[in-house]
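> Remember, the numbering used here sits 20 above the position in the sequence shown when you count from 1.
Virtual Cβ for every residue (Gly too), placed ideally from N, Cα, C.
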Amino acid sequence: KKQLFEQHVDPLMRTMTEVHADYVLAFGEVRSSLAKKEVPSSDLLDFLKTRRRQLADKRQLAQVLAEQIALGERRPVRQQAWNEVIVFCDAVVDYFDASDAVARPSWFTDFMNFMTAARSAQMEHRFFDRNVFGNDPRQDLIDHIDLILDKRLPSRLRNVQTAYASLRMALL
Numbered sequence: 021k022k023q024l025f026e027q028h029v030d031p032l033m034r035t036m037t038e039v040h041a042d043y044v045l046a047f048g049e050v051r052s053s054l055a056k057k058e059v060p061s062s063d064l065l066d067f068l069k070t071r072r073r074q075l076a077d078k079r080q081l082a083q084v085l086a087e088q089i090a091l092g093e094r095r096p097v098r099q100q101a102w103n104e105v106i107v108f109c110d111a112v113v114d115y116f117d118a119s120d121a122v123a124r125p126s127w128f129t130d131f132m133n134f135m136t137a138a139r140s141a142q143m144e145h146r147f148f149d150r151n152v153f154g155n156d157p158r159q160d161l162i163d164h165i166d167l168i169l170d171k172r173l174p175s176r177l178r179n180v181q182t183a184y185a186s187l188r189m190a191l192l
């Protein structure tokens with residue numbers, strides 16, 4: 021039990037905490053720029069690309085580890101505790117869906133691709149002004165970011181934390 025917790029569960033939880041902080045920082049930077057009525061600058065886009073690369077391996081590893089641990093046939097703990105392992109791993113995998121719910125392949129990637137293409141075509145300013153149909157694309161993006169920052173990510177992190185706490189208690 022101790023080995024399962026120390027070598028798999030706890031490091032995975034620490035990674036999830038780090039990944040969550042990174043998402044909040046990146047989404048918050050974009051939101052701040054949009055709220056100031058700025059078109060996200062090249063510096064901001066470069067910062068976001070760098071942030072994405074810095075933790076991409078940890079995000080992917082956390083997701084794959086959670087999937088593989090849940091599929092494990094060797095169960096070093098009793099069935100009740102193993103059930104908690106499965107719940108924890110499922111919560112970790114589900115966490116990453118929180119950022120993918122707005123656009124495909126992911127909200128972040130979609131935004132980065134859009135801004136890169138808009139900048140190349142020198143059209144980014146047009147997108148961030150009210151269009152002829154009366155909607156405000158800037159506010160639409162802010163609303164999506166707020167949904168992710170205020171509801172989706174915190175809810176999914178809470179699920180991970182709750183599952184972690186339950187698993188921790190089951191392993192006592």
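Taking buried to mean at least 16 other C-beta atoms within 10 Å of its own C-beta, is T182 buried or exposed?
exposed
> On the three-state DSSP scale, how would you describe D156?
coil
> What is the rounded straight-line gap between the Cα of F134 and the Cα of L24?
Cα-Cα distance, rounded: 43 Å.
> Under the rule that 16 or more other beta-carbon atoms within 10 Å means buried, what is T35, buried or exposed?
buried
> So the alpha helix (DSSP H) H28 belongs to, where does it begin and stop?
Per DSSP, H28 lies in no alpha helix (DSSP H) and is assigned neither H nor E.
> Please identify the residue among K171, D66, C109 whose C-alpha is closest to the C-alpha of R139.
D66
> Tell me whether V122 sits in a helix, a strand or coil according to DSSP, three-state version.
Because V122 carries a pLDDT of 47, less than 50, the predicted location of this residue cannot be relied on, and no value is offered for it.
> Once you ignore the five residues that flank V29 on each side, which residues in its own chain have a CB closer than 8 Å to its CB?
V105, F108, Y184, L187, R188, L191
> Just the C-alpha distance for D160 and D117, rounded to the nearest angstrom, thanks.
One alpha carbon belongs to D160, the other to D117, and they sit about 20 Å apart.
> Do you know offhand how far A41's Cα is from P157's?
26 Å
> Taking all protein chains shown into account, do 16 or more other C-beta atoms lie within 10 angstroms of the C-beta of V84, making it buried, or fewer, making it exposed?
exposed
> Would DSSP call K78 helix, strand or coil?
helix
> Is there contact between the region 89–97 and the region 173–181, where contact requires at least three CB pairs shorter than 8 Å?
no
> Could you compute how far the alpha carbon of R71 sits from the alpha carbon of A46?
7 Å
> Quick one: measure Cβ to Cβ for L64 and S53, integer angstroms, because I've assumed they're closer than 8 Å.
6 Å
> I'd like to know whether the C-beta atoms of V112 and L32 end up nearer to each other than 8 Å.
In this structure, the beta-carbon distance from V112 to L32 falls below 8 Å.
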